[in-house]
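Trainee: Counting from 36, one number per residue, gives the positions in the sequence shown under our numbering.
Every residue gets a Cβ at the ideal spot worked out from N, C-alpha and C, and that includes glycine.
What follows is a structure written as structure tokens; I'll ask about it next.
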Amino acid sequence: MNETSYFGWNARENLVPEIKKRQFKNILVVTDETLMACGVTKKVLDCLDESNISYHVFDKVKPNPTIKNCHDGIKVCQDVDADAIVCVGGGSVIDTAKCIGIVVKNPEFYDINSLEGTADTKNKSLPIIALPTTAGTAAEVTINYVITDEENVVKRVCVDPNDIPVLAIVDTELMAGMPKMTAAATGLDALTHAMEGYITKAHWEMTDMFHLKSMSLTYQNLAKAVLKDRDAMDMMGLSEYIAGMGFSNVGLGIVHSMAHQLGATYDVAHGIACSLFLPYVLEWNGEVCSDRFRAMAIAFGLDVSGKTDEECVSMVVKAVRDLETELGVPQHLSELNVKKEDFEILASKALVDPCTGGNPREVTKNDILALLEKAY
Numbered sequence: 036m037n038e039t040s041y042f043g044w045n046a047r048e049n050l051v052p053e054i055k056k057r058q059f060k061n062i063l064v065v066t067d068e069t070l071m072a073c074g075v076t077k078k079v080l081d082c083l084d085e086s087n088i089s090y091h092v093f094d095k096v097k098p099n100p101t102i103k104n105c106h107d108g109i110k111v112c113q114d115v116d117a118d119a120i121v122c123v124g125g126g127s128v129i130d131t132a133k134c135i136g137i138v139v140k141n142p143e144f145y146d147i148n149s150l151e152g153t154a155d156t157k158n159k160s161l162p163i164i165a166l167p168t169t170a171g172t173a174a175e176v177t178i179n180y181v182i183t184d185e186e187n188v189v190k191r192v193c194v195d196p197n198d199i200p201v202l203a204i205v206d207t208e209l210m211a212g213m214p215k216m217t218a219a220a221t222g223l224d225a226l227t228h229a230m231e232g233y234i235t236k237a238h239w240e241m242t243d244m245f246h247l248k249s250m251s252l253t254y255q256n257l258a259k260a261v262l263k264d265r266d267a268m269d270m271m272g273l274s275e276y277i278a279g280m281g282f283s284n285v286g287l288g289i290v291h292s293m294a295h296q297l298g299a300t301y302d303v304a305h306g307i308a309c310s311l312f313l314p315y316v317l318e319w320n321g322e323v324c325s326d327r328f329r330a331m332a333i334a335f336g337l338d339v340s341g342k343t344d345e346e347c348v349s350m351v352v353k354a355v356r357d358l359e360t361e362l363g364v365p366q367h368l369s370e371l372n373v374k375k376e377d378f379e380i381l382a383s384k385a386l387v388d389p390c391t392g393g394n395p396r397e398v399t400k401n402d403i404l405a406l407l408e409k410a411y
């Protein structure tokens, strides 16, 4: 977990006091052009300007950040001799900041591909302060980041305790400007984190607690948060963070393995990819861990009286599908113009994705192909 975290509307008011307390003198602000253009990043820059804190902006982060993205950011960070990073954005921005911070302090990993999996970095990242603008990825509290290798068309999933931000500021006001589809997709990413984390092989009592609470908060609040209900937005900011506290410590499963390939090959937003695969994979995994679904159904507020474990699986899958229908997100690969001829390569890459090892059910390439067909 982070050293320190703040939550709620206008939580960014804590940014400058924390920078001064930590004696950071020259900040690299990592963000993207969209957030700069719509004024979200400006809300944070105004805090720095008002206190005359020196900073430089790197705003070239893509929705699915690439190795080149990171190399460009590393150069800027080194050129300005930054002593800390403030990242303002969604998972892509925070992931890029993590990669920059790790490589600056561990230059032997400059190629970035070698960071995949659990790299043996020796030094902690350049200090990172993360201000998420979406309620979904939990990148501000996890030890994970994902970078796209454009040359090999694959996402590199990196897991490193040295990359965790020292400070997370979950300011709901920064999330208020999200388009409805972005709010829906990122919220469903949070739900995926909680549900996959709850049934992953490494789950245990403490992470179960986090995941069940996050499931409950997301299921009860996401639809209202998309419609800009402020209390619901606050709860989603809390929910995605709680899910991150869980899955960052126990891993995920093949929803993420498959979603990573969809993002790398078709540049599909991560939340959309996760939400699309979630009900199909839940149903399939439920055949071997149906005993885990009763608690999930209860977390959703469903009545499980007299229901078998298998019936609880069906109830949970239906509840997820109903929520996705209400939110209007794509539920079939055909809606995203995915080509069936790409299934072989998508399945091959998903099988060796670092998240696959955490799946509760053993997986073969044919299993993933069958799930892709079902999701088509």
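Would you say Ile182 and Pro100 are within 9 Å of each other, going by their C-beta atoms?
Mentor: Yes, the Cβ-Cβ distance between Ile182 and Pro100 is below 9 Å.
Trainee: What residue from Ala170, Leu80, Ala410 has the CA that sits closest to Ala308's CA?
Mentor: That would be Ala410, whose Cα lies nearest to the Cα of Ala308.
Trainee: Terminal residues of the continuous alpha helix (DSSP H) containing Val201?
Mentor: Segment: none, Val201 is in no alpha helix (DSSP H) and carries neither H nor E.
Trainee: Nearest CA to the CA of Gly469: which residue from Glu408, Asn141, Asp94?
Mentor: For residue 469 there is no data in the structure shown, the boundaries of the chain being 36 and 411.
Trainee: Sorted by chain position, which residues of the same chain lie with C-beta nearer than 6 Å to His291's C-beta, five sequence neighbours on each side aside?
Mentor: Hits under 6 Å: Cys390.
Trainee: Just curious, the alpha helix (DSSP H) that Thr217 is in, first and last residue?
Mentor: Start and end: 215–234.
Trainee: From this set, Ser325, Gly393, Leu311, which residue's C-alpha is nearest Gly363's C-alpha?
Mentor: Considering only alpha carbons, the answer is Leu311.
Trainee: According to DSSP, simplified to helix, strand and coil, what is Thr168?
Mentor: Thr168: coil per DSSP, three-state reduction.
Trainee: Locate the beta strand (DSSP E) running through Asn179, then write down its first and last residues.
Mentor: Looking at the DSSP string, the run of the beta strand (DSSP E) that includes Asn179 is 179–184.
Trainee: Helix, strand or coil for His238, going by three-state DSSP, please let me know.
Mentor: Here His238 sits in coil by DSSP.
Trainee: Residues in its own chain within less than 7 Å of Val139 by CB, not counting five upstream and five downstream?
Mentor: Taken in chain order, the residues that qualify are Ile109, Cys112, Gln113, Leu161.
Trainee: For the pair the region 63–83 and the region 117–132, tell me if three or more CB-CB distances fall below 8 Å.
Mentor: As far as the Cβ criterion goes, the region 63–83 touches the region 117–132, which means the pair count is three or higher.
Trainee: Looking at Asn61: is its Cβ nearer than 9 Å to the Cβ of Ile137?
Mentor: Contact: no.
Trainee: Does Asp81 come out as helix, strand or coil in the three-state DSSP assignment?
Mentor: Correct three-state label for Asp81: helix.
Trainee: Only counting the same chain, and skipping five residues up and downstream in sequence, which positions put a Cβ closer than 7 Å to that of Lys236?
Mentor: Taken in chain order, the residues that qualify are Gly393, Pro395.
Trainee: Can you name the start and end residues of the beta strand (DSSP E) that Tyr41 belongs to?
Mentor: From DSSP, the beta strand (DSSP E) with Tyr41 extends over 39–42.
Trainee: Find the nearest neighbour of Gly212 within the set Met230, Met268, Glu318, judged by alpha-carbon distance.
Mentor: If we check each option's Cα against that of Gly212, Met268 comes out closest.
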